[in-house]
Amino acid sequence: MGLILQQTVFYAFSAILLFSAAMVVLSINPVRAVLFLVLAFFCACILWMLLQAEFLALVLIFVYIGAVMTLFLFVIMMLNLDIGPPRKGWLPYLPLAVLVLGLFIIAAVSALKPEYFDPDVYQVVTQPENYSNTKALGAVLYTEYVYPFELAAVLLLVAIISAICLAFRGKRPGGKAQRISEQLVVRRKDRVSLINMPSEKK
Amino acid sequence: MNFEIPNFALALPEIFVLTMACAILLIDLFIPKHAKTLTYLLAQITLLGAAILTFQQYGHPGSVTTFNGMFVLNNLAIVLKLFIYLSAFASFLYARSYLPKTKIPYGEYFVLGLFSVLGMMVIVSAHNFIVLFLGLELFSLPIYAMVALRRDEGICVEAAIKYFVTGAIATGTLLYGLSMLYGATGSMDITRVSEVIMQSSLSDELILVFGLVFAVVGMVFKLGAVPFHMWVPDVYEGAPTPVVLFLGTTAKIAALGLLFRLLVDGLQPLSVQWQDLLIIVAVLSMALGNLAAIVQSNIKRMLAYSSIAHMGYMALGLVTATPQGYGAALFYMITYAIMTLGAFGVVAIMNNAGCEASKVSDLRGLNSRNPWLALMMLLVMFSMAGIPPIVGFMAKLSILEALIGVHLVWLAAIALFFAVIGAYYYIRVVKVMYFEEPEDATPIKYPVDMQIAISLSGVGLLVLGIVPGALFTLCQAVFGATPY
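Chain order of the listed sequences is A and B.
Here our numbering is used: the first residue of the first sequence is 1, the next is one more, and so on.
Here our numbering is used: the first residue of the second sequence is 1, the next is one more, and so on.
This is the structure in structure tokens:
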């Protein structure tokens, strides 16, 4: 009974995952594409839950959906992209794409035979009740995997540097940046001038 | 659980480069605009320091691993690292006076370059799929940005976008292949993967081959060989010349390191399968590279196609799947890096002197404008064509020797055939330089450091060609091969 339920959940969410992943590429409206990406991440999160990797599943929701995708959505909405009419001229590429995809599917189906993924061989790992996924990850992340962990950190640093290099265009004239030194040396007489006006009579 | 404190001493050069790159990033902010040369000097000192640290590690036979078996140090890694520093040093040198002219900031350029060097060091010392992949990303990401640094030039941005998109797909392909290999073997440790494949029964092979094909596609892309070569001419043409120097030499050495780590260390039991793949890659690369280079009028594009052809020759060394062949491939790659430093060095020098150097015809009468520069270009071109006594001949010879050693004479014959075709366009450059009249006869002047660099690469090619023994023996020795 439990297995059937698990399988139902797995196939249902895998199907939604595939559908939404395809829609990310196919939808013309970028906002919809991002929303489909959110859906794809959510389905992947459910699949991880099935493997009892609840920490990774929740991090996927918090970080990817909660932060990254939201940011993405903001950027796309702010850019206010012109969607325009559907792209034409993709038809000539279709035969090649179908051919490549067909070859890939044939290769994949013939190579990835079910016996490599036999459920009897690859049993789903079940953990005892008080098992902490987070603790287990933490224990290996900073010990066994400390080297790739540090490398990933450097990779993020490089990504920041590259992004800033490409986006930063130096100080532009007429920019609205604060000039603190000028603000500090300001005197009252620079900003406030008293005008002597005769009082008016009603 | 038991946790062994890693042996940090083995990774000292990596730690040094990382620390210095971060420090330079900060120091650069406090250096006034007129003294930015300091940033350049610091970057070069970093490379020199790393070279000294790496050199001290040389000598121990066999491999040592640390970081829970994720990091490996052996003589192969040390030799590759030393030549990565050397080519990075030279490409930084040509960048020094080029960057201010194109308004590329020093700080960002050299810091990104150093991080890329760090990624390459990680790759050549990788002993685990995760580390291999992270190293690959760390080495590619800064290069994408470096190609795009001249944002206002349409051609640079176009090159960067092409390189980035195709590169991302290739990385994804490699990752997909690695995940298949992991699924089939149940391990990401390179030695362990190799052991599991050796023990596994034949029925497991198909999934391994499936993974192998995707992994090879990703690596061949990084190498820039046919059929994953489309980005090479566009990127070489569009990117700033110092960046081309960097990605045409340093990055290629690192890509060879990647091939050695994955195919030789990890998937040697599958060598029968990857030999076939590499034969196709090598023959197609030699054919397309040499034939397409003939019709190029743009010198950077010509050199790009020539690089594709050279990657084909280099892959032939791997095809043999013998230590002699690997040694020959390493020797070929190192000498090819020196040739590229020379060829693009001349282009960089001419750009620097304010001369146009985009067409082959712009080299017209170089001999009367600067005889020494023309002589160096002549040495480089003859070396690329494989004319004795310059080292390119020795490199090709050692590849052919290794091929004949494993009875692949027909491949050697094809290689020879395309080498003859290739000689045409190299010699055309020499003809243009020596036997045609210049349009603009102003002599070319260039700074002393470039003079030294170009002379070293030109004369180095000649000297290595006459006495190749030491380098050749070194390349063979790191694979434990006995020289012929």
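Think of the CB as a built atom: it goes at the ideal place given N, C-alpha and C, for glycine as much as any other residue.
All figures in this text were calculated on a predicted structure; none of them were measured in a lab.
Fill in: Top-ranked residue by Cα proximity to residue 391 of chain B, from B:304, B:338, B:199, B:190
Taking the first residue of the second sequence as position 1, residue 391 of chain B is located at position 391. Out of B:304, B:338, B:199, B:190, B:338 has the C-alpha closest to the C-alpha of residue 391 of chain B.
Fill in: Best match in B:48, B:123, B:44, B:27 for proximity to residue 71 of chain B [C-alpha to C-alpha]
For the purposes of this step, residue 71 of chain B is taken as residue 71 along the second sequence, with counting starting at 1. Cα-wise, what sits closest to residue 71 of chain B is B:123.
Discussion item. With a threshold of 8 angstroms on Cβ separation, who are the neighbours of residue 465 of chain B within its own chain once the five nearest residues in sequence on each side are excluded?
Written reply: In the second sequence, counting from the first residue as 1, residue 465 of chain B sits at position 465. The residues are 383, 388, 389, 390, 391, 392, 393, 394.
Worksheet item: By Cβ distance below 8 angstroms, which residues in the same chain neighbour residue 378 of chain B in space, the five residues on each side in sequence not counted?
Response: Sequence index remark: in the second sequence, residue 378 of chain B carries index 378 (1-based). Answer for residue 378 of chain B: 430, 433, 434, listed in chain order.
Worksheet item: So, helix, strand or coil for residue 67 of chain B, using DSSP?
Response: For the purposes of this step, residue 67 of chain B is identified with residue 67 of the second sequence, where counting begins at 1. Residue 67 of chain B falls in the coil class under three-state DSSP.
Fill in: Inter-residue spacing [alpha-carbon to alpha-carbon] between residue 358 of chain B and residue 245 of chain B
Here the question's residue 358 of chain B lines up with position 358 in the second sequence. Here the question's residue 245 of chain B lines up with position 245 in the second sequence. Their backbone Cα atoms lie some 15 angstroms apart in a straight line.
Fill in: Where residue 198 of chain B meets chain A, residues with beta-carbon distance less than 7 angstroms
Your numbering for residue 198 of chain B matches position 198 in the second sequence. Result: empty, since nearest Cβ-Cβ is about 18 angstroms, beyond 7 angstroms.
Discussion item. Taking the alpha-carbon of residue 457 of chain B as reference, which of B:373, B:421, B:302, B:4 has the nearest alpha-carbon?
Written reply: Here residue 457 of chain B refers to the residue found at position 457 of the second sequence. The shortest C-alpha separation from residue 457 of chain B is found at B:373.
Worksheet entry | Nonlocal neighbours in the same chain, by C-beta distance under 6 angstroms from residue 329 of chain B, ignoring five residues either side | As a first step, residue 329 of chain B is located in the second sequence; it is residue number 329 there, counting from the start. Excluding positions up to five away in sequence, the list reads 314, 317, 318.
Discussion item. For chain B, check one thing: does any of its Cβ atoms lie closer than 7 angstroms to the Cβ of residue 95 of chain A?
Written reply: Taking the first sequence and counting its residues from 1, the one referred to as residue 95 of chain A is at position 95. Answer no: the Cβ-Cβ gap between residue 95 of chain A and chain B never drops below 7 angstroms.
Discussion item. Could you tell me the alpha carbon to alpha carbon distance between residue 258 of chain B and residue 212 of chain B, rounded to whole angstroms?
Written reply: Indexing the second sequence from 1 puts residue 258 of chain B at position 258. Indexing the second sequence from 1 puts residue 212 of chain B at position 212. Cα to Cα, residue 258 of chain B sits roughly 14 angstroms from residue 212 of chain B.
Worksheet item: Are the Cβ atoms of residue 308 of chain B and residue 229 of chain B separated by less than 7 angstroms?
Response: On the second sequence, residue 308 of chain B is found 308 positions in, with the first residue counted as 1. On the second sequence, residue 229 of chain B is found 229 positions in, with the first residue counted as 1. Taking 7 angstroms as the Cβ cut-off, residue 308 of chain B and residue 229 of chain B qualify as a contacting pair.
Discussion item. For residue 111 of chain A, would you say it is in contact with chain B, using Cβ-to-Cβ distances shorter than 7 angstroms as the test?
Written reply: Within the first sequence, the letter at position 111 stands for residue 111 of chain A. Yes, contact with chain B.
Worksheet item: So what's residue 72 of chain B in DSSP terms, helix, strand or just coil?
Response: As a working note, residue 72 of chain B is residue 72 in the second sequence. Looking at residue 72 of chain B - three-state DSSP - the assignment turns out to be strand.
Worksheet entry | Residues within the segment 152-174 of chain A neighbouring chain B, beta-carbon criterion of under 7 angstroms | 152, 154, 155, 158, 159, 161, 162, 165, 166
Discussion item. Counting only Cβ pairs nearer than 7 angstroms, list the residues of chain A close to residue 153 of chain B.
Written reply: As a first step, residue 153 of chain B must be located in the second sequence, where it is residue number 153. Those within 7 angstroms of residue 153 of chain B in chain A number zero; the least Cβ separation is about 13 angstroms.
Item to complete: Count the other C-beta atoms from every protein chain shown that fall within 10 angstroms of the C-beta of residue 198 of chain B, then say buried if there are 16 or more, exposed otherwise.
Response: Numbered from its first residue, the second sequence carries residue 198 of chain B at position 198. Flag for residue 198 of chain B reads exposed.
Worksheet item: Can the beta-carbon of residue 249 of chain B be found less than 7 angstroms from the beta-carbon of residue 341 of chain B?
Response: For the purposes of this step, residue 249 of chain B is taken as residue 249 along the second sequence, with counting starting at 1. For the purposes of this step, residue 341 of chain B is taken as residue 341 along the second sequence, with counting starting at 1. Yes. Within cutoff.
Fill in: Partner residues on chain B for residue 75 of chain A, Cβ-Cβ distance less than 8 angstroms
Position 75 of the first sequence, counted from the first residue, corresponds to residue 75 of chain A. Result: empty, since nearest Cβ-Cβ is about 18 angstroms, beyond 8 angstroms.
Practice prompt. Grab me the residues of residue 190 of chain A's own chain with a C-beta within less than 6 angstroms of its C-beta, minus the 5 sequence neighbours each way, in chain order.
Written response: Taking the first sequence and counting its residues from 1, the one referred to as residue 190 of chain A is at position 190. Contacts found: none.
Worksheet item: Residues of chain A with CB under 9 angstroms from residue 13 of chain B, in chain order?
Response: Here residue 13 of chain B refers to the residue found at position 13 of the second sequence. By Cβ distance, chain A contributes nothing, its closest Cβ being about 14 angstroms from residue 13 of chain B, past 9 angstroms.
Fill in: Beta-bridge pairing of residue 126 of chain B - partner residues as DSSP gives them
Position 126 of the second sequence, counting from 1, holds the residue named residue 126 of chain B. In DSSP, residue 126 of chain B forms a bridge with B:71.
Discussion item. Would residue 66 of chain B and residue 12 of chain B qualify as a contact pair, given that the criterion is a beta-carbon distance under 7 angstroms?
Written reply: Working through the second sequence from its first residue, we reach residue 66 of chain B at position 66. Working through the second sequence from its first residue, we reach residue 12 of chain B at position 12. No; because the gap between Cβ atoms is not below 7 angstroms, this pair is not in contact.
Worksheet item: Where do the N-terminal and C-terminal ends of the alpha helix (DSSP H) with residue 181 of chain A fall, by residue?
Response: Sequence index remark: in the first sequence, residue 181 of chain A carries index 181 (1-based). Its alpha helix (DSSP H) spans residues 180-184.
Worksheet item: Looking at the structure shown, is residue 101 of chain B part of a helix, part of a strand, or coil, going by DSSP?
Response: Here residue 101 of chain B corresponds to residue number 101 of the second sequence, with the count starting at 1. Helix.
Practice prompt. Report the three-state DSSP secondary structure of residue 298 of chain B (helix, strand or coil).
Written response: Position 298 of the second sequence, counted from the first residue, corresponds to residue 298 of chain B. Three-state DSSP puts residue 298 of chain B in a strand.
Practice prompt. Write down the C-beta distance between residue 489 of chain B and residue 454 of chain B rounded to the nearest angstrom, noting that I regard them as a contact closer than 8 angstroms.
Written response: Chain B is shown only over 1 to 484; residue 489 of chain B falls outside these bounds and no answer can be derived.
Worksheet item: Cβ of residue 46 of chain B within 7 angstroms of Cβ of residue 20 of chain B?
Response: Start at 1 with the first residue of the second sequence, and residue 46 of chain B comes out as number 46. Start at 1 with the first residue of the second sequence, and residue 20 of chain B comes out as number 20. A contact, by the Cβ cut-off of 7 angstroms.
Worksheet item: If residue 118 of chain B and residue 18 of chain B are in contact, beta carbons under 8 angstroms, what's the gap, nearest whole angstrom?
Response: Sequence index remark: in the second sequence, residue 118 of chain B carries index 118 (1-based). Sequence index remark: in the second sequence, residue 18 of chain B carries index 18 (1-based). Yes, residue 118 of chain B and residue 18 of chain B are in contact; Cβ-Cβ is about 6 angstroms, under 8 angstroms.
Fill in: According to DSSP, residues forming a beta bridge with residue 189 of chain B
Walking along the second sequence from the start, residue 189 of chain B turns up at place 189. The partner list for residue 189 of chain B (beta bridge, DSSP) reads B:128.
Practice prompt. Compare the beta carbon distance of residue 381 of chain B and residue 426 of chain B with 7 angstroms and say whether it is the shorter of the two.
Written response: As a first step, residue 381 of chain B must be located in the second sequence, where it is residue number 381. As a first step, residue 426 of chain B must be located in the second sequence, where it is residue number 426. Yes.
Worksheet item: Just checking my contact of residue 89 of chain B with residue 44 of chain B at CB under 8 angstroms: how many whole Å lie between their CB atoms?
Response: In the second sequence, the residue the question calls residue 89 of chain B occupies position 89. In the second sequence, the residue the question calls residue 44 of chain B occupies position 44. Sure, about 6 angstroms apart at Cβ, within 8 angstroms.
Discussion item. To the nearest angstrom, how far is the alpha carbon of residue 49 of chain B from that of residue 370 of chain B?
Written reply: The count along the second sequence starts at 1 and reaches residue 49 of chain B at position 49. The count along the second sequence starts at 1 and reaches residue 370 of chain B at position 370. Roughly 35 angstroms between the two C-alpha positions.
Worksheet entry | Sheet register partners of residue 359 of chain B (DSSP bridge) | Taking the second sequence and counting its residues from 1, the one referred to as residue 359 of chain B is at position 359. Answer is B:298.
Worksheet item: What are the boundary residues of the alpha helix (DSSP H) that residue 54 of chain A is part of?
Response: As a first step, residue 54 of chain A is located in the first sequence; it is residue number 54 there, counting from the start. Taken as a continuous stretch (DSSP letters only), the alpha helix (DSSP H) holding residue 54 of chain A covers 54-59.
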